[in-house]
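Undergrad: Below: one structure in structure tokens.
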Amino acid sequence: MIELQIYSTVPEEIRLVERYWAMNAEGKFPEPVADLLPFHNIVNSTQLAAFVRNISQAWDLNQTCPQCGGYEQVRSRSEAKKSPGEMRVPCTTCREVADEEKREADARTKAALEQRLALAIESAAARTIDYSDLSDDVVLILMALERAINPRLTTGTFMRGDCRALAPCYVGDFITRLYKARAIVDMPGKARPGTYYVRDDQLWHTTEHAVYRLTPDSTLGSGEEAFEIINSRTLQDNRAVRNLWFDYAATDCMAYLFEQCHQHGLRTTDEDDVQMHSTLRAALQTYSVSHLWSAIWKVVKDAATLSTRSYYTSDTAAATLPGKLRRLLEKVTSGEATLRKWSRPEHQPAGTLGHLFNELYGIDEDTPGTAVMSSFADQEDASPRLATAELAELVRNILKSALAHDLAAEVMLYFADAIRRGLDDAGAINELLGAFPEIDGSASA
Ligand SMILES: [Zn+2]
């Protein structure tokens, strides 16, 4: 059935609308439209339907809206349904309301984005830092970046994709470190539309499309002259420098791992990559990058062999890599296996960060991790206090005596506890001798 609202008061027109929409029990319109024509100067069905629409509205009682429960408005006979039922989508009115709400929400989002972008552009332009506050690792990354994208770091802007020469892989991690240290700043006004968006009332951006520049120094600005402050900085934080080397060296290992896996059609998961990265980074404290390349070569070769066996796919074979790598390194530690020294893979040039380490400290892929550890020892460990001959003699006797009485652990724990309670060396030893009458500090064997 069709429900009508007729806005004309002309009986002839009212009659026309009623005849146009007259539906029988089968849901059909028995009177052909052609029988209603011509009507005044209207000669075809399209014109007639338009005229009927103009002076009336019609709702199809056979179409119920799933959202508002109302009936669907119909504009011509072809839109009417023969039998009653619920529509699959909300009615035209509901859809129009939703569309309007979406248009308004989009407009609000756009306005909010523009407002936030304006603020962000302003704050990015005004951002300065004090170059002397930058940590040593950040200074080194900046120096290496300057070489990687010369001359843009001091004269212009850059994107992450421009910085590939910095390290063999995971370049984004180094850029993120600069960003978090505020050494570089993103320039919302220079990024292509769509890079920035508002979510949860915050301004976000996709790092891939962000445009960065070096944050200017608060007094010297950001030109070459200012950058000299960074270049001529005396680096003193051994721990920061050492850790940056291990971070860099790990990218040199991971790039080789990725390349080897690619050659053998092995795909590793992100979680496995994280595991192997952490294994390799820890191993770098002992071995050189070139020794670890040979370890990587071996485990990838083994996994590739495995992938050809039945019950294995290339994915399940690749999943054995973290375990294989760990076990191989354990065998090397226990002396059951040895690592050979690989030369730098042809298609894997060192990054500018690697070159910088080589230039400043003479370390590269062939430098053993142990050498790096001792060259960049923690400053507090650099000059251990030397025991006097007298103290050395006393301690030696105490330890001997403690071992002889099978009290070594008790004595060590007691000493540690005394130090923790705030006693100095001599005080702790005196108390210890009092607490363990059987220990003789003067005895010599
Ligand atoms: Zn509705």
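Numbers given in this note's numbering equal positions in the sequence shown, counted from 1, plus 37. Beta carbons are placed, not taken as given, at the ideal position from N, Cα and C, and that holds for glycine.
Could you tell me whether any non-hydrogen atom of ligand 1 is closer than 7 Å to the CB of Gly-122?
TA: No; taking the cut-off as 7 Å, the Cβ of Gly-122 has no heavy atom of ligand 1 nearer than that.
Undergrad: As a quick exercise: from Gln-152, Phe-473, Asp-454, Gln-416, pick the residue whose alpha carbon is nearest that of His-442.
TA: Nearest option by C-alpha distance: Phe-473.
Undergrad: What are the partner residues of Phe-76, as DSSP defines its beta bridges?
TA: Paired residue(s): Ile-79.
Undergrad: Unbroken beta strand (DSSP E) runs of length 3 or more, entirely within the stretch 246–293: which are they?
TA: Whole beta strand (DSSP E) segments, 3+ residues: 249–251.
Undergrad: Going along the chain, which residues put their C-beta within less than 6 Å of some heavy atom in ligand 1?
TA: That gives Cys-102, Gln-104, Cys-105, Gly-107, Pro-127, Cys-128, Thr-130, Cys-131.
Undergrad: Could you say which of Glu-151, Asn-275, Thr-213 lies nearest to Asp-238 if we only look at CA atoms?
TA: Of the candidates Glu-151, Asn-275, Thr-213, the one whose C-alpha sits nearest the C-alpha of Asp-238 is Glu-151.
Undergrad: Taking just the CA atoms, how far does Val-337 sit from Tyr-216?
TA: One C-alpha to the other measures close to 35 Å.
Undergrad: Taking the beta carbon of Gln-42 as the centre, do at least 16 other beta carbons fall within 10 Å, making it buried, or is it exposed?
TA: Exposed.
Undergrad: From Met-60 to Asp-136, what distance separates their C-alpha atoms?
TA: If I take the Cα positions, the gap works out to 32 Å.
Undergrad: Give the straight-line distance between the Cα atoms of Thr-305 and Thr-353, rounded to the nearest whole angstrom.
TA: Answer to the nearest angstrom: the Cα atoms are 9 Å apart.
Undergrad: Taking the alpha carbon of Leu-329 as the reference point, which residue from Cys-290, Thr-243, Arg-433 has its own alpha carbon closest?
TA: Per the Cα distances, Cys-290.
Undergrad: Please name the residue in Val-248, Leu-171, Asp-254, Val-222 whose C-alpha comes closest to that of Ala-277.
TA: Comparing Cα positions, the closest option is Leu-171.
Undergrad: Using CA atoms only, rank isn't needed, just tell me which of Glu-261, Trp-334, Asp-401 is closest to Gln-297.
TA: Residue Trp-334 is the option with its Cα nearest to Gln-297.
Undergrad: List the endpoints of the continuous alpha helix (DSSP H) containing Asp-392.
TA: Checking the sequence shown, residue 392 turns out to be His, not Asp. Looking at the DSSP string, the run of the alpha helix (DSSP H) that includes His-392 is 389–398.
Undergrad: Taking the C-alpha atoms as reference points, what is the distance between Ser-198 and Ala-181?
TA: Residue identity check: residue 198 is Gly in the sequence provided, not Ser. Taking the straight line joining both Cα atoms gives about 15 Å.
Undergrad: What residues are listed by DSSP as bridge partners for Arg-236?
TA: Paired residue(s): Gln-239.
Undergrad: Among Glu-402, Leu-390, Leu-397, Val-311, whose alpha-carbon lies nearest the alpha-carbon of Leu-362?
TA: Considering only alpha carbons, the answer is Val-311.
Undergrad: Quick one: Cα of Phe-413 to Cα of Arg-279, how far?
TA: When rounded, the distance between both Cα atoms is 6 Å.
Undergrad: By the 10 Å Cβ neighbour count, where 16 or more other Cβ atoms means buried, how is Asp-418 classified, buried or exposed?
TA: Any reading at Asp-418 is ruled out, since the residue's pLDDT is 48, under 50, leaving its predicted position unreliable.
Undergrad: Name the residue from Asp-143, Glu-262, Leu-98 whose alpha carbon lies nearest to the alpha carbon of Glu-123.
TA: Among Asp-143, Glu-262, Leu-98, the Cα nearest to that of Glu-123 belongs to Leu-98.
Undergrad: What three-state label does DSSP hand Met-38 in the structure shown?
TA: In this structure, Met-38 counts as coil in the three-state DSSP scheme.
Undergrad: Go ahead and label Leu-254 buried or exposed: buried means 16 or more other beta carbons lie within 10 angstroms of its beta carbon, across all protein chains shown.
TA: According to the sequence as given, residue 254 is Asp; it is not Leu. Result: buried.
Undergrad: Between which two residues does the alpha helix (DSSP H) containing Tyr-1 stretch?
TA: There is no way to answer for residue 1, as the model of the chain reaches only from 38 to 482.
Undergrad: DSSP has Gln-110 in a bridge; who is on the other side?
TA: Gln-110 pairs with Trp-96.
Undergrad: Tell me the DSSP bridge mates of Thr-101?
TA: Tyr-108, Glu-123.
Undergrad: Short of 6 Å in beta carbon distance, which residues of its chain neighbour Ser-113, apart from the five on each side in sequence? Order them along the chain.
TA: If we look at Ser-113 and ignore the five residues flanking it on each side, its Cβ neighbours are Ala-86.
Undergrad: How would you label Pro-205, buried or exposed, when you count the other beta carbons within 10 angstroms and need 16 or more for buried?
TA: That one is buried.
Undergrad: What would DSSP say about Ile-43, mapped onto helix, strand or coil?
TA: Note: Ile-43 maps to strand in three-state DSSP.
Undergrad: Note down, in chain order, each residue of its chain lying with its Cβ closer than 8 Å to the Cβ of Ser-420, except the 5 sequence neighbours on either side.
TA: Residue confidence for Ser-420 is low, a pLDDT of 49 falling below 50, so the modelled location carries little weight; the figure read from the coordinates is stated next. There are no such residues.
Undergrad: Would a C-beta distance cut-off of 8 Å place Ser-438 and Lys-378 closer than the cut-off?
TA: Cβ atoms of Ser-438 and Lys-378: not closer than 8 Å.
Undergrad: With DSSP collapsed to three states, give me the class of Phe-8.
TA: For the chain, the structure presents residues 38 to 482; residue 8 sits outside this window and is missing.
Undergrad: With DSSP as the reference, label Ile-221 as helix, strand or coil.
TA: Reduced to three states, the DSSP call for Ile-221 is strand.
Undergrad: Output the boundary residues of the alpha helix (DSSP H) element that contains Trp-334.
TA: From DSSP, the alpha helix (DSSP H) with Trp-334 extends over 326–344.
Undergrad: Under 8 Å between C-beta atoms, does Glu-383 make it to chain C?
TA: Of the chains in the structure shown, none is chain C; there is only one protein chain.
Undergrad: So, for Gly-406: in the same chain, excluding its five sequence neighbours on each side, which residues have a beta-carbon less than 6 Å away from its beta-carbon?
TA: So the qualifying residues of the chain are Leu-321, Gln-322, Thr-323, Tyr-324.
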